[in-house]
Amino acid sequence: MIRILLADDQRLVRAGIRGILDDEDDLRVVAEAADGAVALDACRELRPDVVLMDIRMPGVDGLAAARRIAADERLADVKVLMLTTFDLDEYVYGALRSGAAGFLLKDTEPAELLHAVRVAARGDALISPSVTRRLIAEFAARPEHGGAPDRRLDALTGREREVMRLIAAGRTNSEIAAELVVSPLTAKTHVSRIMAKLGARDRAQVVVMAYEYRLVTPGRP
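Every letter in the sequence shown is one number past the one before it in our numbering, and letter 137, counting from 1, is 1099.
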């Protein structure tokens, strides 16, 4: 059973999303929150698998709450998906960098929402790759967002850098395995080692680092 915390300041939005989630046998909304502070307290008490977090909420907003969740070692297994309208926020890059697992548009199709929650819970792939890659590329392309190499990349082998590029392209472990002609277990091992060497919380942060330190070029496959 995947346990979900739903954080949004609009009651109707929460009700609509909850209705979609609660119809599934393997998903259960364990709590709701109307602001980031309540969401953070609920995370510490309930330890949900996934948090669906609205970016803009009164008081402690979703970005601040996501950063605090990412910084709390007790919540290391909690995956945060930010709910956004895409063209609304210039803070999404910072949210990814701070530990959000990915983004969902508020008008996303129910099937995509369900898929995203399940994928986030197992930590297997970046959520909504087309949306997240576009956001990362936009913000990483700006001069203030880096360009200098990171010494942590020196610890990666040539194959691990290749795998990191494929992660940045939104590939799942199975797709990485097929492209490199290796077993899925080998691909998963490469991904795990990359995350450990970089100190990345999840695949989203690996993608951010790949763009930020120019291992991949924004706007190119």
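Quick reminder that beta carbons are idealized off the backbone N, C-alpha and C, glycines included. Remember, predicted model here, so these are calculated numbers, not experimental data.
Asked	Found
Assigned secondary structure, residue 1040 (DSSP; H/G/I helix, E/B strand, else coil)	coil
For residue 1019 and residue 1143, the rounded distance between their alpha carbons	45 Å
Cβ pair residue 1022, residue 1040 closer than 8 Å	no
Between the CA atoms of residue 1145 and residue 971 - distance to the nearest angstrom	44 Å
Residue 1175 beta carbon less than 8 Å from that of residue 1128	no
Residue burial classification, residue 910 (beta-carbon count within 10 angstroms, cutoff 16)	Missing from the structure shown is residue 910; the chain here goes from 963 to 1183 and no further.
Residue 1030 burial status per 10 Å Cβ neighbour count (16 or more: buried)	buried
Complete runs of the alpha helix (DSSP H) confined to the region 1126-1169 [at least 4 residues]	1135-1142 and 1146-1160
Reduced DSSP secondary structure (H/G/I, E/B, other) of residue 1015	strand
Neighbourhood of residue 1161 by C-beta distance below 8 Å, restricted to the same chain and skipping five residues each side	1114
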